[in-house]
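Heads up, the working numbering is the position in the sequence shown plus 5, with the first residue counted as 1.
The C-beta atom is built at its ideal place from N, Cα and C for all residues, glycine as well.
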Amino acid sequence: MIKGIMDNIAIEKLTNLLNAPQKNEFTEKYSSWRKLDILDLDKMEFVGKLDFQNGSGKEYETEINYWSFDYPIALNFFPNSKCEIYKINEDYFMVYRDFGGHAPEKRCRYINKELIVFS
C-alpha cells in the first residue's frame, strides 16, 4: 500500500534516513536503475519527492556506465533530482518515470548511501 509520510524530502533529511547498505531481495534487484516491477511497487511505502530546487537536467559525468550498480548517485543530476522516494522496511529507493523508450515506464534504484556524491 502506498501512503505518503511527507511531501518533499530535503537532501539532508534523506541522507540521515539512510542506513548502511543492506543485502536483500529488493536492494539486490534494484542496485542499479531498472524497470520497477508493479508487484514490488505494491510493497513499497511512498515517503515523498526529493526536494532539490536546482536540479540539473543532465546526467552526472563519469566514466562509469549509467546502468551499472556502482554508478554514482548525484542527487542534483538527472534523474535523481526528480525522483520520488519509497521505502521497504528500512531501505530507501528512488523512482522516476522514464519517457525515453517505446512506452513510459517507472524505473527504480536502491539508494546506496556509499554511492552518493555531492557536486
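With respect to I121, I78 sits close: the two C-beta atoms are nearer than 8 angstroms. Secondary structure note for K54: its beta strand (DSSP E) is the uninterrupted segment 50-56. Contact between L19 and L55 holds: their C-beta atoms lie close to 7 angstroms from each other, under 8 angstroms. With fewer than 16 other beta carbons inside 10 angstroms of its own, W72 counts as exposed. Taking C-beta atoms as the reference points, L22 and C113 fail to come closer than 8 angstroms. Within the region 17-42, the complete alpha helix (DSSP H) segments of 4 residues or longer fall at 30-34, listed in chain order. A residue is called buried once 16 or more other Cβ atoms fall within 10 Å of its Cβ, and E119, having fewer, is exposed. When secondary structure is reduced to three states using DSSP, K63 falls in the coil class, being assigned neither helix nor strand.
According to DSSP, E110 shares a beta bridge with D103.
Cα atoms of Y76 and K63: separation of roughly 15 angstroms, rounded to the nearest angstrom. Between S37 and N81, the C-beta gap is not smaller than 8 angstroms, which leaves the two residues out of contact. Inclusion of K92 and R102 in the CB contact set at 8 angstroms is not warranted, their separation being larger than that value.
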